[in-house]
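Reviewing the structure listed below.
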Amino acid sequence: MQFETFSGQPYVISYEPTDRTDTIYCLALHKSGSVLFDNLVKAICHASGRSCVDVEVQLFRQGLNFSHCDHHLLDFCGRPGFVYSGFRGLWQLMLLRRFRDSRKLMLVRDPRDIAISFYHSMAKSHTVPKDGAVRELVMQNRSRAQSQEPSDYVISGGADGVLQNFNAFAMISRNRASGEWQVYRYEDVIYRKLDWARDIAARLDVELPEDVIARIVAKEDVFPEKEDPSKHIRRVHPGGYRDSLSREAIAHIQARCANAMRIFGYEPD
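Quick note on this note's numbering: the sequence shown kicks off at 9 and runs consecutively.
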């Protein structure tokens, strides 16, 4: 389906037709394992025949994000019967009654690990669109990250955007008016991907043979032998922030995210 941005730039969202009536939304914080989560959701949907639309991923490939798009895309995201995956932020989704009334799966992660992962992603490994406004933004962030050490980057506010997103997810998911949420914590699922994939399939209301789920998980079950900041899959293991961030940087994150950390069960150092 073709749309236009506020500025008149055309873009396309591709999807497969659906005969389902139930709608499910899958969201993951930036640097929370969002690519892993999205890959599992899409693979499970593909194997079971459910139609999955990765709206934000498709926008990014075209150099765009939700803020460039008018209400027509939001209306599209309110169509029934789809699994909507790939969202890293809430954007205007809370305006949709179907979003509030539908099942939502969300992946979160310790914000201290999010911050250091975001730094390395911006400095070296984040994919850059070929053109578009998002390319300019990524390149600006890359220049800033490459000019600073990790702790200085965090203290100076370089990761504040993703930390604010962490806080927003905590507040919205606790609000009864926002409907049903299934919250996964990265630390609880990263070493138990098979159980996690089974649970995702169940909450997407699909049935798959055990060997199919095992093959899906095996493709995504990656643990680097050593940390490589230049790779998208850099470390995987939780708690790496302690080796990379100063006490002041950790304190900065904990001060900004104190309430949300408590909501999601993360203890301050």
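Where is the CB? At the ideal position from N, CA and C, for every residue including glycine.
Residue i versus residue j: straight-line alpha-carbon distance, rounded
| i | j | result |
| --- | --- | --- |
| H240 | R150 | Bear in mind that the predicted position of H240 carries a pLDDT of just 46, short of 50, making it unreliable; the figure below should be weighed with that in mind. Distance between the alpha carbons of H240 and R150: 14 angstroms. |
| H38 | I224 | 22 angstroms |
| R242 | V162 | Any reading at R242 must be qualified, since the residue scores a pLDDT of 49, below 50, and its modelled position is unreliable; no value is offered. |
| E215 | V230 | 25 angstroms |
Reduced DSSP category for residue i - H, G, I as helix; E, B as strand; rest coil
| i | result |
| --- | --- |
| W99 | coil |
| E228 | helix |
| G94 | strand |
| V244 | coil |
| I261 | helix |
| E316 | Since the first and last residues shown for the chain are 9 and 277, residue 316 lies out of range. |
| Q10 | strand |
| Y19 | strand |
| S40 | coil |
| N175 | helix |
| V49 | helix |
Nearest residue (CA-CA) to residue i, options the options
| i | options | result |
| --- | --- | --- |
| H76 | R184, E12 and P158 | E12 |
| D62 | I32, P119, V191 and R105 | I32 |
| L212 | Q100, S110 and E228 | S110 |
| A209 | A55, F74, R184 and A263 | A55 |
| F74 | S252, R28, Q172 and F95 | F95 |
| P88 | W99, D78, L72 and R105 | R105 |
Residue i vs residue j beta-carbon contact at 8 angstroms
| i | j | result |
| --- | --- | --- |
| L115 | F68 | no |
| R117 | Y249 | no |
| V91 | R143 | no |
| V197 | W204 | yes |
| L82 | L113 | no |
Identity of the residues DSSP links to residue i by a beta bridge
| i | result |
| --- | --- |
| Q190 | L113 |
| C60 | V91 |
| Y33 | Y92 and K112 |
| C77 | T13 |
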